[in-house]
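**Q** Pasting a structure here, questions to come.
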Amino acid sequence: AQKVTQAQTEISVVEKEDVTLDCVYETRDTTYYLFWYKQPPSGELVFLIRRNSFDEQNEISGRYSWNFQKSTSSFNFTITASQVVDSAVYFCALSEALWGGKLTFGKGITLSVRP
Amino acid sequence: DTGVSQDPRHKITKRGQNVTFRCDPISEHNRLYWYRQTLGQGPEFLTYFQNEAQLEKSRLLSDRFSAERPKGSFSTLEIQRTEQGDSAMYLCASSFSALRQGRTDTQYFGPGTRLTVL
C-alpha cells in the first residue's frame, strides 16, 4: 500500500523568509512518481512538479526547489523568499509509475505568509 | 487551451436525494479520475477511466455511487440517496496515458464540485 505523510499541518512565516515543506512516502513499487500540488483559497489544485523515482537530481524553478532523497523516502519542497501569494495548502502525492493511475495524497500543509 | 471543467460548482441537496456531477476533461486526455476531498484532508481517489473503460474503483465508492464515461469524453458521477457524510468537494482530473510508449502524464485538476447535504 502507498502512504504519504506530511507531518507539518500549519506553517506561518513572514514574507521573504525561506520555508521548507516536508514529505515522507511509503511504497512497495520499484518505480513511482512523486508530485507536489498547490491548493490556493480558490480551491483548484495546481500542479507544481513531478519527479520519477529514478531521477534523484534536485530541481530548482525560480523560488521553488525540491530535494528528493530515496534513501530517506523524502521529497521536500523549499520556497525561497516567500511571498504572500504563496499562502495556500500544499499537497505531496505519489503514484505508481508503470501503469500510472491513482494519486495517493498526504493531508496537506497550510502555509500562511504574512506581510 | 481549456482546462478541466466541472459542473455544477456548488450543489446543495437534502438527504435522500440523488445528485449528478459532470466533468469535461482536457480534450486530448484519455484518462479521467474522480477524487473526493473533505475539510482538512487531502483528496482521496474514487475511480478512474481510460477512454470509456472504468479501470479501478476505490473501496470508498459505495453502491450508492456510480460513475460513467460512455463515449470516452466527459464523465458523470452520480450519488444516490445522499447522506450527510457525502458532503465534500468532488474533484475531477484528467491525463494522457500511452502505456505502449511507457508514457503516463501528469493529472490536471478541475475546480471541483462542492456538495452540501442537509
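In order, the protein sequence lines correspond to chains A and B. FYI, in our numbering the residues of the first sequence are 2 to 116. FYI, in our numbering the residues of the second sequence are 2 to 119. Ideal Cβ placement from N, Cα and C applies to all residues, glycine included. Remember, it's a predicted structure, so these values are computed and weren't measured experimentally.
#1: Since Gln92(A) is in the beta strand (DSSP E), which residue starts that stretch and which ends it?
#2: Can you find at least 3 beta carbon pairs, one from the segment 27 to 40 of chain B and one from the segment 68 to 86 of chain B, that sit closer than 8 Å?
#3: Is Ala8(A) close to chain B? Criterion is C-beta to C-beta, closer than 8 Å.
#4: Kindly list, in the order they appear in chain B, the residues whose Cβ is closer than 8 Å to that of Glu45(A).
#5: Mind pulling the chain B residues with CB within less than 9 Å of Phe48(A)?
#6: Quick one: give me the first and last residue of the beta strand (DSSP E) that Leu47(B) is part of.
#7: For the beta strand (DSSP E) containing Asn77(A), list its first residue and its last residue.
#8: Looking at the secondary structure, which residues open and close the beta strand (DSSP E) in which Trp37(A) lies?
#9: Compute the Euclidean distance between the alpha carbons of Leu46(A) and Ser13(A), then round it to the nearest angstrom.
#10: Hey, how far is the Cα of Met90(B) from the Cα of Thr107(B)?
#11: Out of Leu112(A), Ile61(A), Gln84(A) and Asn53(A), which one is the CA nearest neighbour of Thr105(B)?
#12: Could you check if Gln51(B) is buried or exposed, using at least 16 other CB atoms within 10 Å of its CB as the buried criterion?
#13: Sorted by chain position, which residues of the same chain lie with C-beta nearer than 7 Å to Asp87(A)'s C-beta, five sequence neighbours on each side aside?
#14: Going by CA-CA distance only, name the one from Lys17(A), Phe36(A) and Val85(A) that's closest to Val5(A).
#15: What are the start and end residues of the beta strand (DSSP E) that includes Cys93(B)?
#16: I'd like to confirm something about Arg37(B): is its beta-carbon nearer than 7 Å to some heavy atom of the ligand FAD, or not?
#17: Give the range of the beta strand (DSSP E) segment to which Glu11(A) is assigned.
#18: Relative to chain A, which residues along the segment 25 to 57 of chain B have a C-beta separation below 8 Å, given in chain order?
#19: Helix, strand or coil, according to DSSP, for Leu100(B) in the structure here?
#20: At a cut of 8 Å, does the segment 51 to 61 of chain B reach the segment 55 to 68 of chain A through at least three beta carbon pairs?
**A** In short, the structure shows the following:
#1: With the sequence shown as reference, residue 92(A) is identified as Phe, and Gln is not the correct amino acid for it. Segment Ala89 to Glu97, the beta strand (DSSP E) holding Phe92(A).
#2: yes
#3: no
#4: Result: Phe110, Gly111, Pro112 and Gly113.
#5: Thr107, Gln108, Tyr109 and Phe110
#6: Glu45 to Gln51
#7: Ser75 to Ile80
#8: Looking at the DSSP string, the run of the beta strand (DSSP E) that includes Trp37(A) is Tyr33 to Gln40.
#9: 21 Å
#10: 21 Å
#11: Asn53(A)
#12: buried
#13: Ile80, Leu112 and Val114
#14: Phe36(A)
#15: Where Cys93(B) is concerned, the enclosing beta strand (DSSP E) starts and stops at Ala89 to Ser96.
#16: Summarising the ligand content, the structure contains no ligands, and the ligand FAD is consequently not present.
#17: Glu11 to Val15
#18: Arg32, Tyr34, Tyr36, Gly41, Gln42, Gly43, Pro44, Glu45, Phe46, Tyr49, Leu56 and Glu57
#19: Three-state result, Leu100(B): helix.
#20: no
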